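Participant: What follows is a structure written as structure tokens; I'll ask about it next.
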Amino acid sequence: MKGILEYSQGETIIHKLNPLTKMILAFLLCLSSFVSNNILMAVVIIALNIIIAYMANITKKALLLLSTLLKIGVVLFLFQIFFIRTGNIILSLPLNLYITDMGLEFSILLVLRLAGATMPLVLMITVTRMSDLTNVFVQKLHIPYKYTFAFITALRFIPIFENEMNGIIEAQTARGVEFDTKNPIKKIKLVLPLCVPLLISSVKRIEGGAISAELRGFNVRQKNSGYKKYYFNIFDYLVILLSVLMLFVSFVVA
Amino acid sequence: MIKFSNVCFAYEKTNILDNINFSINKGEFVAIVGRNGAGKTTLMKLFNGLLKPTSGNVNIANLDTKISKTSELAKHVGFLFQNPDRQICQNTVKAEIAFGLKCVLTDKGEIEKRCKDTMARFGLIGEKDPFSLSRGERQKVALASIIALSPKILVLDEPTTGLDYKECMHIMEIINELNQNGTTVIMVCHDMELVADFAQRVIVLGEGNILADASCKKVMVDADVLRSASLAPPQIAELAIRLGEDFEGILTLDEMTDKIESRCLS
Chain A
-15 MKGILEYSQG
-5 ETIIHKLNPL
5 TKMILAFLLC
15 LSSFVSNNIL
25 MAVVIIALNI
35 IIAYMANITK
45 KALLLLSTLL
55 KIGVVLFLFQ
65 IFFIRTGNII
75 LSLPLNLYIT
85 DMGLEFSILL
95 VLRLAGATMP
105 LVLMITVTRM
115 SDLTNVFVQK
125 LHIPYKYTFA
135 FITALRFIPI
145 FENEMNGIIE
155 AQTARGVEFD
165 TKNPIKKIKL
175 VLPLCVPLLI
185 SSVKRIEGGA
195 ISAELRGFNV
205 RQKNSGYKKY
215 YFNIFDYLVI
225 LLSVLMLFVS
235 FVVA
Chain B
239 MIKFSNVCFA
249 YEKTNILDNI
259 NFSINKGEFV
269 AIVGRNGAGK
279 TTLMKLFNGL
289 LKPTSGNVNI
299 ANLDTKISKT
309 SELAKHVGFL
319 FQNPDRQICQ
329 NTVKAEIAFG
339 LKCVLTDKGE
349 IEKRCKDTMA
359 RFGLIGEKDP
369 FSLSRGERQK
379 VALASIIALS
389 PKILVLDEPT
399 TGLDYKECMH
409 IMEIINELNQ
419 NGTTVIMVCH
429 DMELVADFAQ
439 RVIVLGEGNI
449 LADASCKKVM
459 VDADVLRSAS
469 LAPPQIAELA
479 IRLGEDFEGI
489 LTLDEMTDKI
499 ESRCLS
């Protein structure tokens, strides 16, 4: 998952889309994923995400993201499959546990929905510059700059914190803490004390960011304007149309 | 004690280190210098297995870093990072020093004893919150928590960055004392005055290759090597070069004073 939210540079058709188009595409794909209650449809949405990633030249990143989401999905799947007790029993287990056909179907759908809904949002962030996203929020959606700045800064901090955490884990491994163990439970236990240095460095960074923004006249900004203008071209309309179509199909199938 | 044989390292497709070969004996004080991006930090991370060589072998105290875990190598190699805040994770100085010890020792009495000894050696107060200390003090706590493990090899990545002269000299004196007692020290440093004062041997890195590997005295007067690595010799060494052959090889103020005194007397 290293560097998953970092901007991937490129000149592809996906990169060149209007940031608002990319947002609409991501949002509608995410919505389609939640709307569909059909496994095949959920698979189609995931496949569409992979195609988009291929077009944006970030297939490797998308597959890595998908595998991580599926790993998280396995945990959710195991919980869900034993909690749903309605439907026909297809497998009986000791301790009064059993798996039903409905439980199995819903659990698979849940995992696929999780992947289908998360992927477009992450991919959108990966192919959009934060400055473009900020400008579009302000210019097109007329969201006050202060709120946009706070939101974008929060997004920007995720990969920074990830890097910081990797650095902290490296430093702790170098002093003998067994982060290189294969036991995931032991690993989780070891991560907990590291929250202290991460929290401290995060607060320091945020404070530094706030001070430098004020020193550069953050509060002086009066107009919601920007130097760069964002126009829609034929591809943007086409992508929006396809996204709406996808949502419509999801509704129909549901 | 340390052997790099035909070591290459690449991040994805970018070559960072190319065919690195050198050995370091027990008790040596080696400085690794070079411009930013020369591959110094990458080289340092190969010492304790945080990075594994793409090809070639790194042997540390008879352990191959390719197959040994970093947490195992930590028993032999103490690594001090540039930023102490990544290392400090406990609420008191004492707990911080004990944290690393608990990873490698089980005897509580021994942990307690080593904590006390280390705090006394570094002049640290055990009950203090490490995050409320000055940058220099935090660096000292980070170093203390490594020294407490009694590593045979000490790897320091720019240990004096952000420290004032007094803090810097305090840290370096402790490191020098450890070296006098037999610890092998490998240090990345941009401060050539410090290198000249403490290191016996210098490895100059440039574009992923070793440009020079010789005694400190030899490297500091080799203008070509220093220029190719974008380094400048310490001022006292530069003055010695300008004063002529008779003063050649002088790197420290003490050496210069002795030379001038002997010349005046003769």
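Taken in sequence, the protein lines are chains A and B. Each residue of the first sequence is one higher than the one before, counting from -15 in my numbering. Each residue of the second sequence is one higher than the one before, counting from 239 in my numbering. Just so you know, even glycine gets a beta-carbon here, dropped at the ideal spot from N, CA and C. Treat the numbers as computed from the prediction; the structure is a model and nothing was measured.
(1) Could you tell me which whole alpha helix (DSSP H) segments of length 4 or greater appear in the segment 308 to 337 of chain B?
(2) If we require 4 or more residues per run, which alpha helix (DSSP H) segments fall completely within the segment 387 to 447 of chain B?
(3) Could you tell me the alpha carbon to alpha carbon distance between Lys241/B and Phe285/B, rounded to whole angstroms?
(4) If the cut is a Cβ gap below 7 Å, which residues of chain B does Leu178/A touch?
(5) Between Cys341/B and Cys427/B, what straight-line distance do the alpha-carbon atoms span, to the nearest angstrom?
(6) Check for me: the alpha helix (DSSP H) holding Tyr129/A runs from which residue to which?
(7) Output yes or no for whether 8 Å exceeds the beta carbon distance between Ile384/B and Gly420/B.
(8) What does Asp367/B reach in chain A if we use C-beta pairs closer than 9 Å?
(9) Let's test the definition: count the other Cβ atoms within 10 Å of the Cβ of Asn191/B and tell me whether it reaches 16, buried, or not, exposed.
(10) Less than 7 Å separating the Cβ of Ile172/A from some heavy atom of the ligand ATP?
(11) Here's a check: name, in chain order, each residue in its chain whose Cβ is nearer than 8 Å to the Cβ of Ile441/B, leaving out the five neighbours to either side.
(12) How would you call Leu229/A, buried or exposed, if buried means at least 16 neighbouring beta carbons within 10 angstroms?
(13) Should the segment 93 to 104 of chain A be called in touch with the segment 26 to 42 of chain A, which here means at least 3 C-beta pairs below 8 Å?
(14) Please state whether the Cβ-Cβ distance between Ala155/A and Arg376/B is less than 8 Å.
(15) Just the Cα atoms here: how many angstroms apart are Leu371/B and Val379/B?
(16) Establish whether the CB of Thr5/A and some CB of chain B are separated by less than 8 Å.
(17) Is there contact between the segment 11 to 27 of chain A and the segment 59 to 66 of chain A, where contact requires at least three CB pairs shorter than 8 Å?
(18) When you compare each of Arg140/A, Pro168/A and Leu96/A to Asn22/A by their alpha carbons, which one comes out closest?
(19) Check for me: the alpha helix (DSSP H) holding Ile305/B runs from which residue to which?
(20) In whole angstroms, what is the alpha-carbon distance linking Lys313/B and Lys264/B?
(21) From Phe317/B to Tyr129/A, what does the alpha carbon distance come to, in whole angstroms?
(22) For Lys283/B, does the count of other Cβ atoms within 10 angstroms reach 16, so buried, or fall short, so exposed?
(23) Just verifying my parser: in three-state terms, what is the DSSP assignment at Ile262/B?
(24) Roughly how far, in whole angstroms, is the beta-carbon of Ser453/B from the beta-carbon of Asp164/A, given that I think they are within contact range, below 8 Å?
(25) Using Cβ-Cβ distances below 8 Å, what residues of the segment 338 to 359 of chain B are close to chain A?
Facilitator: The structure says:
(1) 308 to 311
(2) 403 to 418 and 430 to 436
(3) 10 Å
(4) Cys327
(5) 29 Å
(6) Tyr129 to Ala158
(7) no
(8) The premise fails here: Asp367/B is roughly 11 Å from chain A at the closest Cβ pair, so nothing lies under 9 Å.
(9) Residue 191/B is absent from the model: chain B starts at 239 and stops at 504.
(10) Although the ligand ATP was asked about, the structure shown includes no ligands whatsoever.
(11) Phe260, Val268, Ala269, Ile270, Val271, Ile448, Ala450 and Asp451
(12) exposed
(13) yes
(14) no
(15) 9 Å
(16) no
(17) no
(18) Leu96/A
(19) It is not in any alpha helix (DSSP H) - Ile305/B carries neither H nor E in the DSSP assignment.
(20) 16 Å
(21) 44 Å
(22) buried
(23) strand
(24) No, Ser453/B and Asp164/A are not in contact; Cβ-Cβ is about 37 Å, not under 8 Å.
(25) Gly338, Cys341 and Val342
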